[in-house]
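Just so you know, we're using the numbering used here here: the sequence shown kicks off at 38 and counts up by one.
Virtual Cβ for every residue (Gly too), placed ideally from N, Cα, C.
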Amino acid sequence: MALDGIFLRHIKNELEKEIIDTRVDKIYQPSSQELVITMRSFEGTKKLLLSSRPQSPRINITGSSYENPKTPPMLCMLLRKRLGGGRLRKIEQPGLDRILFLRFECTNELGDTVMLTLAVEIMGQYSNIILIDENGTIIDAVKRVDASMSSQRLVLPGITYKMPPQQDKLSVLESDAEDIIRRIELLPKTTPLSKALLSSLQGVSPIICREIEHLTGRGADVYSDSLDEEKRTRLSFFLKRIIKAARECSGQPYIITDNQKKPIDFTFTDIQQYGTGRSVRLDNGFCSLLDKYYAQKDAAERIRQSAEDLNRLLNNAASRLIKKIYIQKDELESCADREHYRICGDIIQANLYRIPRGAEVLEAENFYDEKMSLIKIKLDPSISPAANSQKYYKSYQKAKNAEKALKLQLERAEEELSYVDSVLDLLSRAKTLSELDEIRTELREQGYIKSRREKGYKKQKLLCPMEYCSESGFKVLVGRNNRQNDELTLKSAAKNDIWFHTKDIPGSHTVLVTNGLEPDDKALVYAASLAAAHSKAKESSKVPVDYTRIRYVSKPQGAKPGMVIYTHQKTLYVEPLREDDDI
38 MALDGIFLRH IKNELEKEII DTRVDKIYQP SSQELVITMR SFEGTKKLLL SSRPQSPRIN
98 ITGSSYENPK TPPMLCMLLR KRLGGGRLRK IEQPGLDRIL FLRFECTNEL GDTVMLTLAV
158 EIMGQYSNII LIDENGTIID AVKRVDASMS SQRLVLPGIT YKMPPQQDKL SVLESDAEDI
218 IRRIELLPKT TPLSKALLSS LQGVSPIICR EIEHLTGRGA DVYSDSLDEE KRTRLSFFLK
278 RIIKAARECS GQPYIITDNQ KKPIDFTFTD IQQYGTGRSV RLDNGFCSLL DKYYAQKDAA
338 ERIRQSAEDL NRLLNNAASR LIKKIYIQKD ELESCADREH YRICGDIIQA NLYRIPRGAE
398 VLEAENFYDE KMSLIKIKLD PSISPAANSQ KYYKSYQKAK NAEKALKLQL ERAEEELSYV
458 DSVLDLLSRA KTLSELDEIR TELREQGYIK SRREKGYKKQ KLLCPMEYCS ESGFKVLVGR
518 NNRQNDELTL KSAAKNDIWF HTKDIPGSHT VLVTNGLEPD DKALVYAASL AAAHSKAKES
578 SKVPVDYTRI RYVSKPQGAK PGMVIYTHQK TLYVEPLRED DDI
């Protein structure tokens, strides 16, 4: 991640051009570590994203849309109260620290004008967003830090804000190339140039340090003790280029992608160290670059965090069911000897006249055996021979009843495990908070989550199924969750539409809408590939997909959501459609 102090300086420069003197219109908190502030001016509105996520801390103007929780968090409500209607007057960056101070001119409850500050600290896992009053006192923060978390710097409401501890590094805003080279030459002789630069310079990322070493050594490794006159001259030249970019904000936004066009890094200058192994492309702006770089990564992380409690709940349920099934199968195996009890009872009954009272063992012919071999049967000497016979009969009946009950319980447990697996699969493919809410509602209805219905509660309206279209014009609908699967298959689809589902694998119900026409083979394969893509087998190369007419699909009474039975099916083996395929 290359959001270093120099890159942040370019972001600050861009923000000053776009949102200085604009007014705070709305404030949202999509997740616990993100804020979105809508800034309004006569020219329109712009959304400012502040993120303290450890994996993607940043500040930039964004064009992305964010799903917000139904109830605003307490911090969001506080920010709306204190910053709402305020005007952004100044953006400050101390040196090349990865910190921006947003100075807002606001009106307090008494009508007085006050200056409030949002400190956006971009420091990896220590990133934070802190609201500070006009006296430098912390009002609140996205991440509160108490004495148990840090002994050096506390971030708590009511205490004075302090800057993070400073590092003993040179700033390119104040030091020239010769100062930097002299600092490098004081380091141990075997230090690689890139590491020497990283330990000596403030606000410069590893990728920039590697690039300076690459250019200085013309592709070869360079060490702090190998700086001859030629390399020293080249190093000075490239350092001056970085110094100029930092002081004049003259850099340009470059994004680096791998062979699959996946973004892997970004910088404020062109990069040559990767050769042809990576693609380096100039972007439109620093804010738009960050927006593109983190868009997909952040969306997945937000969903992962929101789904964490559901994942834990379902995995615990699956573990409990697997253990239960294992125990029941073990008990079922012990019931397999029930015939032995019946045989013993019959043999005792047939030999009552031969058994003296108080006998401990009966040795008699086993008339169930073709060879009439002898069998030894243990007896309870404290009861009569007839009572011993009845005791064996009772053991037989008990084992028989237990087997019947265990088979039923085992069947139900396996059905429930199949259902839990299907929900886990749907959860892994959920892409929006609305889809997560529907899954959460389904689990609440099934009793996995305690229901807390409030007054005026209304049943949540289902989202529309995902919709696709084949080359030949046939519409294909795919359910997003089990409740929607039932709605799509059992209510919305026509009897002659074609239903698809991965064979014996959890996945979404997929319906090819025929409108009374006969679909071609390509449409069938396309719909089957979609069904495979929206299943647990989405990463496989070939997936078996069953398909049949809707009229042959039914739901057993009392079955869990999404659980159906079907007949007259055929099977296609298809490759799942990938995200980068044209679907």
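Residues in its own chain within less than 7 Å of residue 142 by CB, not counting five upstream and five downstream?
For the purposes of this step, residue 142 is taken as the residue at position 105 of the sequence shown. Excluding sequence neighbours, residue 142 sits near 123, 124, 126, 150 and 152.
Just to confirm my understanding: we take residue 534, look at its own chain, exclude 5 residues before and 5 after, and list those with CB closer than 7 Å. What are they?
Along the sequence shown, one-based indexing puts residue 534 at 497. Its chain contains 548, 549, 550, 551 and 587 as the residues whose beta carbon lies nearer than 7 Å to that of residue 534, once the 5 sequence neighbours on both sides are disregarded; these appear in chain order.
Secondary structure at residue 47, three-state DSSP: helix, strand or coil?
Here residue 47 is taken as the residue at index 10 of the sequence shown, counted from 1. Here residue 47 sits in helix by DSSP.
Residue 461 and residue 351 - do their beta-carbons sit closer together than 8 Å?
Along the sequence shown, read from residue 1 onward, the residue named residue 351 stands at position 314. Along the sequence shown, read from residue 1 onward, the residue named residue 461 stands at position 424. Contact flag set, yes.
Below 8 Å on the Cβ atoms is my contact criterion, and I expect residue 249 with residue 275 to pass it. Report the Cβ-Cβ distance as a whole number of Å.
Taking the first residue of the sequence shown as 1, we reach residue 249 at position 212. Taking the first residue of the sequence shown as 1, we reach residue 275 at position 238. Approximately 5 Å separates the beta-carbon atoms of residue 249 and residue 275; this is inside 8 Å, confirming the contact.
Residue 506 - DSSP class collapsed to helix/strand/coil
Here residue 506 is taken as the residue at index 469 of the sequence shown, counted from 1. If DSSP states are grouped into helix, strand and coil, residue 506 belongs with the strands.
Output the residue ranges of the alpha helix (DSSP H) runs that lie fully inside the region 103–157 and measure 4 residues or longer, sorted by chain position.
Under the rule that a run must span 4 or more residues, the alpha helix (DSSP H) segments found entirely inside the region 103–157 read 111–120.
Could you compute how far the alpha carbon of residue 612 sits from the alpha carbon of residue 106?
If you number the sequence shown from 1, residue 612 lands on position 575. If you number the sequence shown from 1, residue 106 lands on position 69. One C-alpha to the other measures close to 37 Å.
Give me, in chain order, the residues of the same chain whose beta-carbon lies closer than 6 Å to that of residue 236; leave out the 5 immediate sequence neighbours on both sides.
Here residue 236 is taken as the residue at index 199 of the sequence shown, counted from 1. Non-local C-beta neighbours of residue 236 in its own chain, meaning closer than 6 Å and more than five positions away in sequence, are absent.
Is it true that the region 401–416 meets the region 463–481, where meeting means three or more beta-carbon pairs spaced less than 8 Å apart?
Because the criterion of three Cβ pairs below 8 Å is not met, the region 401–416 and the region 463–481 do not touch.
How about residue 96 and residue 86: are their beta carbons less than 8 Å apart?
Here residue 96 corresponds to residue number 59 of the sequence shown, with the count starting at 1. Here residue 86 corresponds to residue number 49 of the sequence shown, with the count starting at 1. When the beta-carbon positions are compared, residue 96 and residue 86 come within less than 8 Å of each other.
Grouping DSSP H, G and I as helix and E and B as strand, with all else coil, what is residue 96?
Position 59 of the sequence shown holds residue 96. Residue 96 sits in a strand when the DSSP states are folded into three classes.
Does the Cβ-Cβ distance between residue 518 and residue 451 come in under 8 Å?
Sequence index remark: in the sequence shown, residue 518 carries index 481 (1-based). Sequence index remark: in the sequence shown, residue 451 carries index 414 (1-based). Contact flag unset, no.
Candidates 72, 121 and 198: closest to residue 99 by CA position:
Indexing the sequence shown from 1 puts residue 99 at position 62. Nearest in C-alpha terms to residue 99, of all of 72, 121 and 198, is 72.
Kindly indicate which three-state DSSP category residue 174 falls into: helix, strand or coil?
One-based indexing of the sequence shown puts residue 174 at position 137. Here residue 174 sits in strand by DSSP.
Please report the distance separating the alpha-carbon of residue 502 from that of residue 182.
For this step, residue 502 is matched to residue 465 along the sequence shown. For this step, residue 182 is matched to residue 145 along the sequence shown. Taking the straight line joining both Cα atoms gives about 44 Å.
Helix, strand or coil at residue 262 [DSSP, three-state]
On the sequence shown, residue 262 is found 225 positions in, with the first residue counted as 1. DSSP places residue 262 in coil when its eight states are reduced to three.
Taking 8 Å as the cut-off, decide whether the C-beta atoms of residue 573 and residue 544 are in contact.
Here residue 573 refers to the residue found at position 536 of the sequence shown. Here residue 544 refers to the residue found at position 507 of the sequence shown. Using a Cβ distance threshold of 8 Å, residue 573 and residue 544 count as a contacting pair.
On the DSSP bridge assignment, give the partners of residue 218 in chain order.
Working through the sequence shown from its first residue, we reach residue 218 at position 181. Residue pairing of residue 218 in beta bridges, as defined by DSSP: absent, with no partner found.
Touch test, the region 204–215 against the region 238–246, Cβ-Cβ under 8 Å, three pairs minimum
Because the criterion of three Cβ pairs below 8 Å is met, the region 204–215 and the region 238–246 touch.
Check for me: the alpha helix (DSSP H) holding residue 426 runs from which residue to which?
Start at 1 with the first residue of the sequence shown, and residue 426 comes out as number 389. From DSSP, the alpha helix (DSSP H) with residue 426 extends over 422–466.
For the alpha helix (DSSP H) that residue 365 lies in, which residues bound it at each end?
On the sequence shown, position 328 is the one that residue 365 refers to. In this chain, the alpha helix (DSSP H) harbouring residue 365 covers 345–371.
Buried or exposed: which applies to residue 493, given that a residue is buried once 16 or more other Cβ atoms fall within 10 Å of its Cβ?
Taking the sequence shown and counting its residues from 1, the one referred to as residue 493 is at position 456. With a pLDDT of only 46 at residue 493, under 50, the local geometry of the prediction cannot be trusted, and no value is derived from it.
Proximity below 8 Å, CB of residue 539 to CB of residue 590
Here the question's residue 539 lines up with position 502 in the sequence shown. Here the question's residue 590 lines up with position 553 in the sequence shown. Taking C-beta atoms as the reference points, residue 539 and residue 590 fail to come closer than 8 Å.
Can you list, in chain order, the residues of its chain with a C-beta nearer than 6 Å to that of residue 537? Leave out the 5 residues immediately preceding and following it.
For the purposes of this step, residue 537 is taken as residue 500 along the sequence shown, with counting starting at 1. Same-chain partners within the cutoff: 547, 564, 565, 568, 582 and 584.
Identified DSSP bridge partners for residue 538
Reading the sequence shown from its first residue, position 501 is the one you call residue 538. Partner(s): 583.
So, at 6 Å on beta carbons, what are the nonlocal neighbours of residue 331 in its own chain, with the 5 sequence-adjacent residues on each side left out?
To locate residue 331, count along the sequence shown from 1; it is residue 294. Non-local beta-carbon contacts of residue 331 in its own chain, meaning distances under 6 Å to residues more than five positions away in sequence, involve 93 in chain order.
Going by beta carbon distance, what residues of the same chain come within less than 6 Å of residue 65, once the five residues before and after it are set aside?
One-based indexing of the sequence shown puts residue 65 at position 28. Counting only Cβ-Cβ distances below 6 Å, and skipping sequence neighbours, we find 73 and 105.
Per DSSP, which residues does residue 302 bridge with? Please list them.
As a first step, residue 302 is located in the sequence shown; it is residue number 265 there, counting from the start. In the DSSP assignment, residue 302 is bridged to 293.
Taking DSSP's pairing of strands, which residues face residue 530 in a bridge?
As a working note, residue 530 is residue 493 in the sequence shown. Bridge partners of residue 530: none, in fact.
How would you call residue 44, buried or exposed, if buried means at least 16 neighbouring beta carbons within 10 angstroms?
Looking up residue 44 in the sequence shown gives position 7. Residue 44 counts as buried, since at least 16 other C-beta atoms from the protein chains shown sit within 10 angstroms of its C-beta.
Under three-state DSSP, which class holds residue 90?
As a working mapping, residue 90 is identified with position 53 in the sequence shown. It is coil, neither helix nor strand.
Locate the alpha helix (DSSP H) running through residue 253, then write down its first and last residues.
Residue 253 sits at position 216 when you count from the first residue of the sequence shown. 243–253 is the span of the alpha helix (DSSP H), which, as asked, contains residue 253.
Proximity to residue 88 [Cα-Cα], best of 372, 401, 62 and 178
As a working mapping, residue 88 is identified with position 51 in the sequence shown. The residue with the shortest Cα to Cα distance from residue 88 is 178.
Is the beta carbon of residue 441 closer than 8 Å to that of residue 527?
Here residue 527 refers to the residue found at position 490 when the sequence shown is read from its first residue. Here residue 441 refers to the residue found at position 404 when the sequence shown is read from its first residue. Against a cut-off of 8 Å, the Cβ pair of residue 441 and residue 527 comes out as no contact.
Go through its chain and collect everything with a Cβ distance to residue 144's Cβ below 8 Å, but skip five positions before and after it.
In the sequence shown, residue 144 corresponds to position 107, counting from 1. Only residues of its own chain outside the window of five on either side were considered, and among them 122, 123, 150 and 151 have a CB closer than 8 Å to the CB of residue 144, listed in chain order.
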